[in-house]
Amino acid sequence: PYAFDTFPYEIHTIEHIAHLDRREREQAIRAAGYNTFLLRSAEVAIDLLTDSGTSAMSTDQWAACDATRATTGNSAAYQKLVANLQDITGYEYIIPTHQGRAAEHLLSSILIKPGQLVPGNMYFTTTKLHQELAGGVFADVIVDQAHDPDDDFPWKGNIDLEKLRALVDEHGAEKIAYVSFEHCVNMAGGQPASMDNMKAVYAWCQGQGIPLIFDATRCVENARMIQSRDLRYHDVKIRDILREMMLYGDGCTVSGKKDFLINIGGIQAFRDNADWADRARHLLRLYEGNVTDGGLATADVAAMARGVEEMLNDRYIRSRVAQTRLLGQMLIDGGVPIVRPPGGHAIFLNARRFLPHIDQDEFPSQTLAAEIYVETGVRTMERGNVSKGRNPETGENYRPALELVRLTIPRRVYSNDHMRGVAEGIIRLYQRRDEIRGLRFVYEPAQLRFFQARFE
Ligand code: PM9
Numbered sequence: 005p006y007a008f009d010t011f012p013y014e015i016h017t018i019e020h021i022a023h024l025d026r027r028e029r030e031q032a033i034r035a036a037g038y039n040t041f042l043l044r045s046a047e048v049a050i051d052l053l054t055d056s057g058t059s060a061m062s063t064d065q066w067a068a069c070d071a072t073r074a075t076t077g078n079s080a081a082y083q084k085l086v087a088n089l090q091d092i093t094g095y096e097y098i099i100p101t102h103q104g105r106a107a108e109h110l111l112s113s114i115l116i117k118p119g120q121l122v123p124g125n126m127y128f129t130t131t132k133l134h135q136e137l138a139g140g141v142f143a144d145v146i147v148d149q150a151h152d153p154d155d156d157f158p159w160k161g162n163i164d165l166e167k168l169r170a171l172v173d174e175h176g177a178e179k180i181a182y183v184s185f186e187h188c189v190n191m192a193g194g195q196p197a198s199m200d201n202m203k204a205v206y207a208w209c210q211g212q213g214i215p216l217i218f219d220a221t222r223c224v225e226n227a228r229m230i231q232s233r234d235l236r237y238h239d240v241k242i243r244d245i246l247r248e249m250m251l252y253g254d255g256c257t258v259s260g261k262k263d264f265l266i267n268i269g270g271i272q273a274f275r276d277n278a279d280w281a282d283r284a285r286h287l288l289r290l291y292e293g294n295v296t297d298g299g300l301a302t303a304d305v306a307a308m309a310r311g312v313e314e315m316l317n318d319r320y321i322r323s324r325v326a327q328t329r330l331l332g333q334m335l336i337d338g339g340v341p342i343v344r345p346p347g348g349h350a351i352f353l354n355a356r357r358f359l360p361h362i363d364q365d366e367f368p369s370q371t372l373a374a375e376i377y378v379e380t381g382v383r384t385m386e387r388g389n390v391s392k393g394r395n396p397e398t399g400e401n402y403r404p405a406l407e408l409v410r411l412t413i414p415r416r417v418y419s420n421d422h423m424r425g426v427a428e429g430i431i432r433l434y435q436r437r438d439e440i441r442g443l444r445f446v447y448e449p450a451q452l453r454f455f456q457a458r459f460e
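Taken in order, the sequence shown gives residues 5 to 460; the numbers are from the numbering used here.
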């Protein structure tokens, strides 16, 4: 039967975008130290830096913001947020935080004893840093396919249970703080985990007495991938898929700035461990704000309470993931090397294949992000060895297998016409790729260097 299948919303307010000429863009990127993070937003035509905090909110969300009274007390917005998320996740303890890394700080402080290992399906920058600050050591247990940009395996976010077993055999279960399981793994290219993998890993962890905590930042996109790629779930609602996914964990951290369709906010949640929840609330009070707002204004809590309802709209999430796939397909058709298959929130260019003549010591991903800006006015993000940093023991730059540039699509912001413009510009750049030269540091911060680093 015919199904009406367009974006399930219309545009309410518009914002004009910049139009700088090429010479102005060259000046802007030089002034920004060839770091796209340091460009001024007014200099950017289409902003694909991040999908974090960049969603267009709905009229209902703005109305919910407007209708709240500012209070640090137990607001109606907080009550609604807790009720909604208890229903969606099945978890009892729902604790708002001001964003994802605040939840990571709480979790790492509670669950990690110095010297313990934290196995995870690839690292994320802030997650790994908080694990290390708590004395933990990250161990990568993602499937091998995730490190190969050309492998079309549909579940590149899966944990390799054999790698996890080997780690526990070698060190003992008591040496493992918890398993950190990210949905739609960001650094792997927005690649999902399968339902079977979540179920199997959780069952095994339970047998070993090891907690499993999700990074559910992009849980809805992961649910959509399950709906489209796993035949058994084709006719199952996103809400029900998500509820099943969350069954296979003891809790989660969330950066609400992504799938929750808000500009600021996060969550720390636990299934039923009252002790962890108590300790999280204690730390929250100490470092962030009230336990009913996590340091957020009540209006932001209200926007989150409404956002978690809207994210479950099947038509919305289908169009969201389809838009990302469309951009990926246009680039593939133009011969541009991208991480395959296209992920949920972003398309990742394979900078090693785009710029094979630039050595990793000259930062191919950083270089490509800067060149894309000059060519098109589009802002993208480096996700290669500048993000990965240096090996603390040797001081050398890491040389990760994945040297990527991320084209991250904000939710409900750009049309497919914008995607066409992005693809055309990058295909044009690809055709003159041999002219592109590398970069070197002129300023390198000690931690999370990609945010503030400058190059020439
Ligand atoms: N991700 C992103 O652009 C925002 C800033 S870091 C460059 O992808 C995961 C999977 C994330 C994430 C943020 C955080 C931290 C945790 N987990 O930014 O603190 O992708 O809300 O969340 C960014 P917050």
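Ideal Cβ placement from N, Cα and C applies to all residues, glycine included.
Residue i burial status per 10 Å Cβ neighbour count (16 or more: buried)
i, result
"P449", "exposed"
"N465", "Examination of residue 465 is not possible in this model, given that the chain is present from 5 through 460 alone."
"P360", "exposed"
"I33", "buried"
"L290", "exposed"
"N162", "buried"
"Y320", "buried"
"G104", "buried"
"E314", "buried"
"A350", "buried"
"A74", "exposed"
"I18", "exposed"
"E14", "exposed"
"F454", "buried"
"N420", "exposed"
"R275", "buried"
Secondary structure of residue i, DSSP reduced to three states
i, result
"C471", "Outside the modelled stretch of the chain, which goes from 5 to 460, sits residue 471, for which no answer is possible."
"A22", "coil"
"M385", "strand"
"I33", "helix"
"T130", "helix"
"T465", "Coverage of the chain is limited to positions 5 through 460, which leaves residue 465 absent and any answer about it impossible."
"V2", "Beyond the ends of the chain as shown, which are 5 and 460, falls residue 2; an answer cannot be given."
"A143", "strand"
"R458", "strand"
"N401", "strand"
"I114", "helix"
"Q120", "coil"
"R394", "strand"
"D318", "helix"
"F358", "helix"
"D297", "coil"
"Q451", "coil"
"D51", "strand"
"I217", "strand"
"I2", "In the structure displayed, the chain extends from 5 to 460; residue 2 sits before or after that span and is not available."
Boundaries of the beta strand (DSSP E) in which residue i is found, first to last residue
i, result
"S184", "183-186"
"D363", "Note, D363: premise wrong, no beta strand (DSSP E); not H, not E."
"T101", "97-101"
"I271", "270-274"
"F352", "350-354"
"V446", "445-447"
Residue span of the alpha helix (DSSP H) that contains residue i, given as start and end
i, result
"P368", "368-380"
"G211", "199-212"
"A284", "278-291"
"Q483", "The question about residue 483 has no answer here: the residues shown for the chain are numbered 5 through 460."
"K167", "165-175"
Neighbour flag for residue i against chain C, beta carbons, 8 Å
i, result
"I268", "The structure shown contains no chain C; it holds only a single protein chain."
Next item on the list: Any chance you could list the residues with Cβ under 6 Å from a heavy atom of the ligand PM9, keeping chain order?
Entry: Residues with a Cβ closer than 6 Å to any heavy atom of the ligand PM9, in chain order: T54, S56, Q103, G104, R105, F128, T129, T130, T131, E186, N190, D219, T221, S259, K261, G270.
Note to self: At 4 residues or longer, what runs of the alpha helix (DSSP H) sit wholly inside the region 408-440?
What the structure shows: Listed in chain order, the complete alpha helix (DSSP H) runs (minimum 4 residues) inside the region 408-440 are 420-435.
Notebook entry, point to check: Which parts of the region 232-268 are runs of the beta strand (DSSP E), unbroken and 3 residues or longer, counting only runs that do not cross its ends?
Noted result: Here the runs fully enclosed are 255-259.
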